[in-house]
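Protein chains in written order, with this note's numbering: chain A, -3 to 105; chain B, -3 to 105.
There are 2 protein chains.
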Amino acid sequence: MPDEWLPQPATEDIQLVRVLHALGDPVRLQLLSVYLRGQEFACDLSGLGLDHLHKSTVSHHMKVLREAGVTSTRVSGRNRFVQLRRGDLDRRFPGLLDALLRGLEGEAP
Amino acid sequence: MPDEWLPQPATEDIQLVRVLHALGDPVRLQLLSVYLRGQEFACDLSGLGLDHLHKSTVSHHMKVLREAGVTSTRVSGRNRFVQLRRGDLDRRFPGLLDALLRGLEGEAP
DNA sequence: TCAATCGTTGGATGCTCGTCAAACAATTGG
DNA sequence: CCAATTGTTTGACGAGCATCCAACGATTGA
């Protein structure tokens, strides 16, 4: 069975206010900082400071990020592979992700 | 009586997640797009698409933006003069405001 | 001095959101 | 085939939030 992708907005439908709202949460902003360097698979986030959260809570945050157009999720068997929509976001809002990455680095060294 | 400034966080205390949360609202993001070109005085925002909002609602949004470190408010008599904290934000999160400005221009031309 | 102006504050209301728990669906290893 | 794994969905609950309204305080023009 080939892999599938969970539904996500088209690049031109990504709205700035929804992106900002999605990232204006401590948990989701930390997820962004994880995704900003290479893809990770979802929910198994041991050792990332999210151990205290229930798996359904993490799943909820992933959905918010995906529906805002921030991330892209590929379904492969039992696992979900999540990655940033780097190209799409850079095309739609040039410089935004770079500024966020620098901001995250400068805040929690 | 000399002008006063309403309380606001120090530059080094501005948190990225609070900025993103403050801007993750349609009304406040529109306020940002107003402030992004020159200062404006508060609450009297006729003809900016915010006529439908009660003055206390606008006052609330202004407070959120100020407490997040996005704007700075000077009290002069009965009026409040609000402006972006351009320098502080550029120093703290380089490129962020520029990216947001371009994003706002590209979205609602 | 007095009334009009500008904005804030407090309460009230309804909606959204973050979180957990339990049940569920899908997949896979034995 | 069965049990363990992986993540989603649904419901519930409390907190936060956006909004309006009324009342208030401060300021200023007449």
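For each residue, glycine too, the CB sits at the ideal point set by N, CA and C.
Model, not experiment: these values are computed from the prediction.
Inset, instruction - Give the DSSP bridge partners of Glu0(A), in chain order. - result: In DSSP, Glu0(A) forms a bridge with Val71(A).
Legend entry - Rounded Cβ spacing between Arg62(A) and Gln4(A) (contact assumed at less than 8 Å): 5 Å
Inset, instruction - Check the Cβ-Cβ distances between Ala95(A) and every residue of chain B, and say whether any is below 8 Å. - result: yes
Legend entry - For Gly91(A), the first and last residue of its enclosing alpha helix (DSSP H): Bounds of any alpha helix (DSSP H) do not take in Gly91(A), whose DSSP letter is neither H nor E.
Legend entry - Proximity winner among Gln11(A), Leu44(A), Arg14(A) and Leu12(A), relative to Val23(A) (alpha-carbon distances): Comparing C-alpha distances from Val23(A) to each of Gln11(A), Leu44(A), Arg14(A) and Leu12(A) shows the shortest one belongs to Leu44(A).
Legend entry - Nearest-angstrom Cα separation, counted from Thr53(B) out to Gly34(B): 22 Å
Inset, instruction - State the CB to CB distance for the pair Phe89(B) and Gly99(A), rounded to an integer number of angstroms; the pair is presumed to be in contact (CB under 8 Å). - result: 4 Å
Inset, instruction - Could you tell me if the beta carbon of Gly99(A) falls within a distance shorter than 7 Å of some heavy atom in the ligand GDP? - result: This structure simply doesn't include the ligand GDP, nor any ligand for that matter.
Legend entry - Gly65(A) to Leu49(B) span [Cα, whole Å]: 29 Å
Legend entry - Cα-Cα separation between Asp(-1)(B) and Leu97(B), rounded to whole angstroms: 30 Å
Inset, instruction - Look at Gly20(A) and Gly20(B) and say whether their C-beta atoms are less than 8 Å apart. - result: yes
Legend entry - Same chain only: Cβ atoms within 7 Å of Val60(B), ignoring 5 sequence neighbours per side: Ala18 and Arg24
Inset, instruction - Run the CB neighbour count on Ser68(B), radius 10 Å, all protein chains shown included, and call it buried at 16 or more, exposed below. - result: buried
Inset, instruction - Check the Cβ of Pro5(B) against every Cβ in chain A and list those closer than 8 Å, keeping chain order. - result: Correct list: empty, because the minimum Cβ distance to chain A is about 14 Å.
Legend entry - Start and end residues, alpha helix (DSSP H) containing Ala18(B): Leu12 to Leu19
Inset, instruction - Figure out for me which residue from Arg70(B), Leu2(B), Tyr31(B) and Lys51(B) has the closest Cα to the Cα of Ala80(B). - result: The sequence as given places Leu at residue 80(B); Ala does not occur at that position. Nearest C-alpha to Leu80(B): Tyr31(B).
Inset, instruction - Kindly list the residues whose CB is nearer than 6 Å to the CB of Arg14(B), restricted to its own chain and excluding five residues on each side of it in sequence; keep chain order. - result: Ala64
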